[in-house]
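S.K.: Basically the numbering used here = 1-based index in the sequence shown + 17.
Cβ atoms here follow ideal geometry from the backbone N, Cα and C, with glycine treated the same way.
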Amino acid sequence: MLIINGRIYLEDRIIENGFVSLKDGIIEGVGMMENAPEDSEIIDAKGQNVLPGFIDQHIHGANGADHMDATQEALRDIATFIPKEGTTSYLPTTMTQSIPAVSEALEEIVKYKETSNGPGQAEMLGVHLEGPFISAKHVGAQNPEFVLKPTKHDFDIFWEKSKHTIKLITYAPEEAEEGFTDYLRTKGVIPSAGHTDAGYQQIVDEIAHGLSNLTHFHNAMKPHHHREPGAVTAGFLYPQLKAELIVDGIHLHPAVVKATYQIKGVDNVIVITDAMRAKGLPDGKYDLGGQEVEKIGKECRISNGALAGSVAEMDFVVRNFKDFTGAPMEDLVKVSSENVAKHLNVFGRKGSIAVGKDADIVIVTDNIDVQTTICRGVVAYQI
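Take a look at the structure:
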């Protein structure tokens, strides 16, 4: 397969009129059009932007399916649906439910990942375990009935059920038993503070133990206050902490997105969808973690008024990030792909267009309208 006539965004430069050649799911060559090889399968980018595929490290569901459904059909629905928004890989994300329910979901995710998650679908890179180790004070749309203290014993249950595929865990560090964050790092799991009531100093103290991510930054955590700084203040001050942002225009005011971009710097921001099953479906009532959610337009809320994830697509949040911040295309590549690939330790094969890496590519207009998505060398979506 050969992509021609594209504006190719590489890690260190832009090729204004270039090609990308793909073979056996891998990027085989990149260069100027005058050096393009011959190929029987051509995709003409028509001068549009050729980017590394988007990576969503926080997504619960889409198209009527949720990872907590714990069925192969639901997992297939998600993996085959999200390439239309430019997503080529992702972390299936769980919810705060009972230990048996989360365990069953993890087992089904592992089964699908091992047997069915092939080229032409968005690739599961591992699991984002969001809950049940969160603060009852900041449950958001998570089910408070199943909130647990973060303990090594309970984490090990999930760790074994996931066959050691948990990549990232959202938890409330102030609720955790001593040594919990250190324990996560010994397993190679990324500790992320979220749904947390931790104060500024508690977050700072955890950085020394390996805390490196803030789940949906600003949402479901102590805010920046001039006399009582919280997790947000720590996030602003410490570059060791990556900041997930739900840039749907509902969870965060555009000015907050812009301020975070300017304060944190482009290398420390990761855009996410935090999408739930109602993404791609009409307005109505849906289930999220055992709770009823009403979708009206791009907004989802449970009965008490709390925001319940989003129905945002990756191309939508990337477009919003551009509009809210004025970020150039090369920065959009970082916040949607490169940063998260590095953070998840998969940059050796994901997150940039380079020879030898997976052929995960999205072709978009200047307005981030997806034209073509290629997942591991197979066209998964084309307009």
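Below 7 Å CB to CB, which residues in the same chain sit around residue 326 once its five sequence neighbours on both sides are set aside?
M.R.: Correct list, in chain order: 77, 158, 291, 292, 293, 305 and 317.
S.K.: Assign residue 288 to buried or exposed, taking buried as 16 or more other Cβ atoms, counted over all protein chains shown, within 10 Å of its Cβ.
M.R.: Residue 288 comes out buried.
S.K.: Using a Cβ-Cβ cut-off of 6 Å (strictly less than) and excluding sequence neighbours within five positions of residue 374, which residues of its own chain qualify?
M.R.: Here the set comprises 44 and 366.
S.K.: Could you check whether the Cβ of residue 192 sits closer than 8 Å to any Cβ belonging to chain B?
M.R.: Going by chain labels, chain B is absent from the structure shown, which holds only one protein chain.
S.K.: Look at the Cβ atom of residue 151, then the Cβ atom of residue 184, and state whether they are nearer than 8 Å.
M.R.: Not in contact: residue 151 and residue 184 (Cβ atoms no closer than 8 Å).
S.K.: My output table needs one value for residue 301: the three-state DSSP class, helix, strand or coil.
M.R.: It is a strand residue.
S.K.: Given a cut-off of 8 Å, decide if residue 92 and residue 370 are closer than it, judged by their beta-carbon atoms.
M.R.: It is not a contact, given that the beta carbons lie outside the stated cut-off.
S.K.: Check each candidate in 102, 155, 340 and 177 and name the one with the smallest Cα separation from residue 188.
M.R.: Of the listed residues, the one whose Cα sits closest to residue 188 is 155.
S.K.: By DSSP's criteria, residue 46 is part of a beta bridge. Which residues make up the other side?
M.R.: According to DSSP, which records beta bridges pairwise, residue 46 is partnered with 38.
S.K.: Closer than 7 Å to a non-hydrogen atom of the ligand SAH - does that hold for the CB of residue 344?
M.R.: Only the bare structure without any ligand can be found here, which leaves the ligand SAH out of the picture.
S.K.: Do the segment 257-268 and the segment 225-239 touch if we need at least three Cβ pairs shorter than 8 Å?
M.R.: A contact exists between the segment 257-268 and the segment 225-239.
S.K.: Runs of 3 residues minimum, wholly inside the segment 177-261: which ones carry the beta strand (DSSP E) assignment?
M.R.: Entirely contained in the segment 177-261, the beta strand (DSSP E) runs reaching 3 residues are, in chain order, 183-188 and 207-210.
S.K.: Under the DSSP definition of a beta bridge, which residues are partnered with residue 286?
M.R.: Note: residue 286 sits in a beta bridge opposite 260.
S.K.: Classify residue 280 as helix, strand or coil using the three-state DSSP reduction.
M.R.: Correct three-state label for residue 280: helix.
S.K.: If I'm right that residue 394 touches residue 69 with Cβ under 8 Å, what's the distance once you round it to whole angstroms?
M.R.: At roughly 14 Å, the Cβ-Cβ gap does not stay under 8 Å, so residue 394 and residue 69 are not in contact.
S.K.: So what does residue 398 bridge to, in DSSP terms?
M.R.: The partner list for residue 398 (beta bridge, DSSP) reads 390.
S.K.: Since residue 194 and residue 168 should fall inside the 8 Å C-beta cutoff, what is the C-beta to C-beta distance between them, to a whole number of angstroms?
M.R.: So it is a contact: roughly 5 Å between Cβ atoms.
S.K.: Which residue marks the beginning of the alpha helix (DSSP H) containing residue 345, and which one marks its end?
M.R.: No alpha helix (DSSP H) contains residue 345, which DSSP labels as neither H nor E.
S.K.: Determine the direct distance from the alpha carbon of residue 90 to that of residue 127, and round the result to whole angstroms.
M.R.: Taking the straight line from one Cα to the other gives about 14 Å.
S.K.: Can you tell which of 389, 400, 273 and 247 has the C-alpha that lies nearest to the C-alpha of residue 23?
M.R.: Checking every option, the nearest Cα to that of residue 23 belongs to 389.
S.K.: Thinking just about the alpha-carbon of each residue, which of 40, 30 and 245 is nearest to the one in residue 376?
M.R.: Taking only the C-alpha atoms, the option nearest residue 376 is 40.
S.K.: Would you call residue 35 buried or exposed, if buried means 16 or more other Cβ atoms sit within 10 Å of its Cβ?
M.R.: Residue 35 is buried by the Cβ-count criterion.
S.K.: Looking only at DSSP bridge pairs, what is residue 336 linked to?
M.R.: For residue 336, which the question treats as bridged, DSSP gives no partner whatsoever.
S.K.: Is DSSP giving residue 361 helix, strand or coil here?
M.R.: It is coil, neither helix nor strand.
S.K.: In angstroms, rounded to a whole number, what distance separates the CA positions of residue 112 and residue 141?
M.R.: When rounded, the distance between both Cα atoms is 17 Å.
S.K.: Give, in chain order, every unbroken run of the beta strand (DSSP E) that is at least 3 residues long and sits entirely within the segment 50-99.
M.R.: Segments of the beta strand (DSSP E) lying fully in the segment 50-99: 59-61, 66-69 and 71-76.
S.K.: So what does residue 141 bridge to, in DSSP terms?
M.R.: Paired residues: 107.
S.K.: Taking 6 Å as the limit between beta carbons, can you name the residues of its chain near residue 101, skipping five residues before and five after?
M.R.: So the list reads 398, once near-sequence residues are dropped.
S.K.: What are the start and end residues of the alpha helix (DSSP H) that includes residue 123?
M.R.: Here the alpha helix (DSSP H) through residue 123 covers 116-132.
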